[in-house]
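Working notes, structure below.
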Ligand code: MRU
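Residue numbers (the working numbering): 6 to 361.
Below, the structure is given as structure tokens:
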């Protein structure tokens, strides 16, 4: 499996390498970002996408900005302005901001000067960004362990979008649950919704599962109801971009329809996401900002027009699935069930206690 994102160094200095997710699976091309502006551009243009992955990218972007002595607030604000829905982006910038504030306090800066470490702040921020990446892989593995038990043996798992290794630093959230279920000996296969308009399911989920030898079938989004009705789907597992305190979940557009169809057909609907995707400051999902993306993603497929010129277009990138459709939310600290207000708060508290 190719690395989604890595911090690298060559004779020209440090840079961030990402696999270009716009081109997969047809081409495996890497994009090297040497400035924070290039990282911001890569997030905005979907070179890298998926909530945890863009959090890692933003943290690495902050580290590059500090290395190049760019104004710290400008760096943070530029990276924060890339995509509005996935809260992991803001979580990662915030984590970098807190460390930066600590390292630039008067005593810390004086101590660094005294021991002749003027570059200490930049180096510590680089370490922090790399730590966020490593933590994310371990978190995904823990999500997988908690979720594997919920996956029925001998059935098909339906997933939407790509919440896999490509959407994280590695292993994946929803696809982490699938990987862990298979590693635990379960005999399952996967149905991947193609996920119009960006085709994360057909292009990315199908590709990475095939790389791992996991039996996978691509279906168009409008086939999900048919297969949920058929009895062959044992559960649905998806990722999340932001989870409100009441358990409402923002995820890729189309997730809501799948959740309603799953409930209608008595199929469990699971959301797999790290605690960094929880936004417990929000009472409900209607407070989650939904990104609107360019019209061309809908009117064109790989540059070829599929709709009349100047036709009206809507392109919300995410929708909100109300908590009542969600059987459980799986995170690195365990499994939350309704009432989510309490269960999510307990799992978030566990995460903050683990840090002290
Ligand atoms: O627009 P994208 O591709 O960034 O949207 C990604 C999703 O909606 C994923 O399901 C979500 O970020 C979870 S990724 C582990």
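In this text, a Cβ means the ideal position worked out from N, Cα and C, and glycines have one as well.
Cβ contact (3+ pairs, closer than 8 Å) linking the segment 152 to 172 and the segment 192 to 210: With contact defined as three or more Cβ pairs closer than 8 Å, the segment 152 to 172 and the segment 192 to 210 are in contact.
Residue 266 in three-state terms, based on DSSP: Sequence index remark: in the chain shown, residue 266 carries index 261 (1-based). In this structure, residue 266 counts as helix in the three-state DSSP scheme.
Residue span of the beta strand (DSSP E) that contains residue 324, given as start and end: For the purposes of this step, residue 324 is taken as residue 319 along the chain shown, with counting starting at 1. DSSP places residue 324 in the uninterrupted beta strand (DSSP E) bounded by 323 to 326.
Contact test: residue 221 Cβ vs ligand 1 heavy atom, cutoff 7 Å: Position 216 of the chain shown, counted from the first residue, corresponds to residue 221. Every heavy atom of ligand 1 is 7 Å or more from the Cβ of residue 221, so no.
Residue 151 classed as buried or exposed, judged by whether at least 16 other C-beta atoms fall within 10 angstroms: To locate residue 151, count along the chain shown from 1; it is residue 146. Counting other Cβ atoms within 10 Å of its Cβ, residue 151 reaches 16 or more and is therefore classed as buried.
Where residue 312 falls, given that 16 or more other Cβ within 10 Å makes a residue buried: Against the chain shown, residue 312 aligns to sequence position 307. Result: exposed.
Closest by C-alpha distance to residue 196, when choosing among 36, 214, 333: Reading the chain shown from its first residue, position 191 is the one you call residue 196. Nearest C-alpha to residue 196: 214.
Cβ-based burial, residue 57 [other Cβ within 10 Å; buried from 16]: Walking along the chain shown from the start, residue 57 turns up at place 52. Here residue 57 is buried. Its C-beta has 16 or more other C-beta atoms within 10 Å.
CA nearest to the CA of residue 329, picked from 317, 320, 321, 346: By one-based count along the chain shown, residue 329 stands at place 324. For the residues 317, 320, 321, 346, the minimum Cα distance to residue 329 belongs to 346.
heavy atom of ligand 1 below 7 Å from residue 345 C-beta: If you number the chain shown from 1, residue 345 lands on position 340. No; taking the cut-off as 7 Å, the Cβ of residue 345 has no heavy atom of ligand 1 nearer than that.
Residue from 331, 227, 83 with nearest C-alpha to residue 245: Translated into positions along the chain shown, residue 245 becomes position 240. For residue 245, the nearest C-alpha among the options comes from 331.
Neighbourhood of residue 308 by C-beta, 8 Å cutoff - its chain only, sequence neighbours within 5 removed: In the chain shown, counting from the first residue as 1, residue 308 sits at position 303. Cβ within range, chain order: n/a, list empty.
Residues bridged to residue 3 (per DSSP): With the chain represented from 6 up to 361, any question about residue 3 goes unanswered, as that position is not in the structure.
Residue 184 versus 145, 199, 209, 207, residue with shortest Cα-Cα distance: Along the chain shown, read from residue 1 onward, the residue named residue 184 stands at position 179. Looking from the CA of residue 184, the closest CA among 145, 199, 209, 207 belongs to 145.
Contact between the segment 92 to 99 and the segment 59 to 66 (3+ Cβ pairs under 8 Å): Contact holds: three or more Cβ-Cβ distances are below 8 Å.
Cβ-based neighbour list, residue 194, same chain, cut-off 6 Å, excluding 5 preceding and 5 following: What you label residue 194 is simply residue 189 of the chain shown in a count that begins at 1. Closer than 6 Å at Cβ, skipping near neighbours: 161, 220.
7 Å Cβ shell around residue 130 - same chain, five flanking residues per side excluded: One-based indexing of the chain shown puts residue 130 at position 125. So the list reads 67, 68, 71, 101, 104, 105, once near-sequence residues are dropped.
Segments assigned alpha helix (DSSP H), at least 4 residues, entirely inside the segment 31 to 74: Within the segment 31 to 74, the complete alpha helix (DSSP H) runs of at least 4 residues are 41 to 49, 56 to 72.
Boundaries of the beta strand (DSSP E) in which residue 257 is found, first to last residue: By one-based count along the chain shown, residue 257 stands at place 252. Run containing residue 257: 254 to 257, per the beta strand (DSSP E) assignment.
Closer than 7 Å: residue 91 CB and nearest ligand 1 heavy atom: Start at 1 with the first residue of the chain shown, and residue 91 comes out as number 86. For ligand 1, at least one heavy atom lies less than 7 Å from the Cβ of residue 91.
Top-ranked residue by Cα proximity to residue 198, from 327, 170, 233: Indexing the chain shown from 1 puts residue 198 at position 193. Out of 327, 170, 233, 233 has the C-alpha closest to the C-alpha of residue 198.
Sub-8 Å separation of residue 258 and residue 283 beta-carbons: Locating residue 258 in the chain shown gives position 253, counting from the first residue. Locating residue 283 in the chain shown gives position 278, counting from the first residue. Against a cut-off of 8 Å, the Cβ pair of residue 283 and residue 258 comes out as no contact.
DSSP three-state assignment for residue 164, whether helix, strand or coil: Locating residue 164 in the chain shown gives position 159, counting from the first residue. Of the three classes helix, strand and coil, the one that applies to residue 164 here is strand, per DSSP.
Validate contact between the segment 32 to 46 and the segment 80 to 87 using beta carbons, cut 8 Å, 3 pairs: With the cut-off at 8 Å, the segment 32 to 46 and the segment 80 to 87 touch.
Under the three-state DSSP convention, the category residue 243 falls into: Here residue 243 refers to the residue found at position 238 of the chain shown. Under the three-state reduction of DSSP output, residue 243 falls in the strand class.
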